[in-house]
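Working notes for the structure below.
In our numbering, the protein residues as written are 724 to 1221.
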């Protein structure tokens, strides 16, 4: 093979210059540790709240709406004020350290004292007199330290991963570097998912070697919290090292060549709605974002409820989620490497955009059919050597793995592609409007729907058929919007000035 041909192949599979490793590797490791921590605490948070006393998957919508969203708003107010006082490095440290402290305090103080600090008697009394649909709301306060863990775990993803890391990357990465670096960050995040899955499975499975009388979840929590603290310290150390030894070199950091984000206009919720309703094109994109957020929210809660029934022990639940993480990681890596580019190149934007809703629709249909008609299919599934519950969890797991991997590898890229043919003003205003409307309705919409059903219909087992109908209606709307958007996208790509 000629040297020039080898150079071309090397550029395709490893588009990094040797001197750039001094900047790329620490950024990659920093992203790895942040993603590792997010995956670890995300597994623990679900295990705690789903298997907690008097709790279940019904508590998740209440936590997202009444816990995570208010906490995020409070943090942003504090963050904005501190940003006017502190330097960027100090702001980074002040934002990360409280997370490490909280999770250590939870492991060493709050969890061991859970029976003493949780108002179980009051919770049981309230659940005995309240309608079944309010059990999730009561459980949120009954197991308040678990709820606090859930909120901090969600904020780690929003604050450290989305805000701090990507803000730092966009501030210090040149435009030409970002085209080559950022794809590697995505692969690194999924490798972190594999390692977090292994760590979770290891510490959750340690219960079989413990003597009688030892709380297995405490031992599991000790191990995973120490890993979290270690990774958190590594994040801080790497960030310090990059600022001290990388960004001080002009070849790695030139303020005039870094990737600058266009300033987003400050748009209220009503302004965003008005903008989207006056643009069919942006409205279709918003429908895609909202539909995914609501659909995955509704499906995940139903699936996690089945997982909680099959694995009522917190350690068993964690072991299962560790395996699930590994499946998501490798499926996503495979999709990114071998599916995304080929589908877009061979079949085009429309097919690539329709894969994610189609996957959710088909696998969701099978999953909900198993959950809803569990009694009717019991004899048939038993003849296959398993139970309807195991079958439902298995199908739900496949559904979630496929939906998450297709989201990362196909939904996100195709969505971002739709902004390319727009003029600069439409890109800026459109993204701002979709961030406001799409993110809020996508995250809160599913929670509102579930809470309404819990209140007026009953527990999760009773509302599952209603959830199934709503999901299929939402996905049908999603498919329709994607089909219409494909025509608009094709036209705008050919006539970018229109």
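Cβ coordinates follow ideal geometry from the N, Cα and C atoms, glycine included.
Might you give, ordered along the chain, the residues of its own chain that have their beta carbon closer than 7 Å to the beta carbon of residue i, omitting 5 neighbours on each side?
i, result
"residue 964", "749"
"residue 806", "814"
"residue 919", "759, 762, 763, 1048"
"residue 879", "760, 761, 764, 822"
Quick check: what's the CA-CA separation for residue i versus residue j?
i, j, result
"residue 933", "residue 939", "7 Å"
"residue 756", "residue 824", "17 Å"
"residue 1116", "residue 1027", "8 Å"
"residue 1020", "residue 924", "24 Å"
"residue 985", "residue 1054", "Residue placement at residue 985 cannot be trusted, given a pLDDT of 49 that sits under 50; the coordinates are not used to answer."
"residue 842", "residue 866", "8 Å"
"residue 1145", "residue 998", "15 Å"
"residue 873", "residue 1214", "45 Å"
"residue 1042", "residue 927", "5 Å"
"residue 973", "residue 831", "45 Å"
"residue 751", "residue 910", "10 Å"
"residue 735", "residue 796", "Because residue 735 carries a pLDDT of 49, less than 50, the predicted location of this residue cannot be relied on, and the following value inherits that uncertainty. One C-alpha to the other measures close to 42 Å."
"residue 855", "residue 1183", "9 Å"
"residue 850", "residue 1111", "29 Å"
"residue 789", "residue 1035", "25 Å"
"residue 1207", "residue 1008", "10 Å"
Please determine, among the options, the residue with the shortest C-alpha to C-alpha distance to residue i.
i, options, result
"residue 1123", "1044, 1188, 1002", "1044"
"residue 817", "1193, 1057, 1093, 882", "882"
"residue 1141", "1011, 951, 968, 1114", "1011"
"residue 885", "819, 1103, 1203", "819"
"residue 777", "848, 947, 900, 971", "848"
"residue 1018", "909, 1202, 1112", "1202"
"residue 1217", "931, 952, 1143", "1143"
"residue 1039", "854, 931, 1023", "931"
"residue 765", "799, 1035, 871", "871"
"residue 1070", "774, 1137, 804, 762", "1137"
"residue 747", "961, 853, 1206", "961"
Please list, in chain order, all residues of the same chain as residue i whose beta carbon is under 6 Å from its beta carbon, the five residues on each side excluded.
i, result
"residue 685", "Because the chain here runs from 724 to 1221, residue 685 falls outside it and cannot be looked at."
"residue 758", "912, 915"
"residue 875", "825"
"residue 1173", "784"
"residue 1191", "1091"
"residue 1186", "1176, 1180"
"residue 860", "785"
"residue 1073", "1209"
Which residues in the same chain as residue i place their Cβ atom closer than 8 Å to its Cβ, once the five residues preceding and following it in sequence are excluded?
i, result
"residue 1133", "1058, 1062, 1063, 1066, 1075, 1076, 1078, 1079"
"residue 1016", "1161, 1162, 1164, 1165, 1166, 1168, 1169"
"residue 1118", "1086, 1089, 1090, 1093"
"residue 1121", "1086"
"residue 1002", "1149, 1153"
"residue 853", "861"
Is DSSP giving residue i helix, strand or coil here?
i, result
"residue 774", "helix"
"residue 994", "helix"
"residue 974", "coil"
"residue 1029", "helix"
"residue 740", "coil"
"residue 1001", "coil"
"residue 932", "helix"
"residue 780", "coil"
"residue 962", "helix"
"residue 851", "helix"
"residue 1107", "coil"
"residue 1214", "helix"
"residue 749", "helix"
"residue 769", "helix"
"residue 985", "Note that residue 985 scores a pLDDT of 49, beneath 50, so its modelled location is shaky; the value from the coordinates is reported in the next line. DSSP places residue 985 in coil when its eight states are reduced to three."
"residue 941", "helix"
"residue 1098", "coil"
Between residue i and chain C, is any beta-carbon pair separated by less than 8 Å?
i, result
"residue 851", "Judged by its chain identifiers, the structure shown contains no chain C, having just a single protein chain."
Minimum length 4: unbroken alpha helix (DSSP H) runs contained in the region 1118-1202 | 1135-1140, 1147-1179
Alpha helix (DSSP H) segments (min. 4 residues) lying fully within the region 807-837 = 811-828
Run through the region 858-906 for me and flag every whole alpha helix (DSSP H) of 4 or more residues, listed as ranges in chain order.
-> 858-865, 867-878, 889-895
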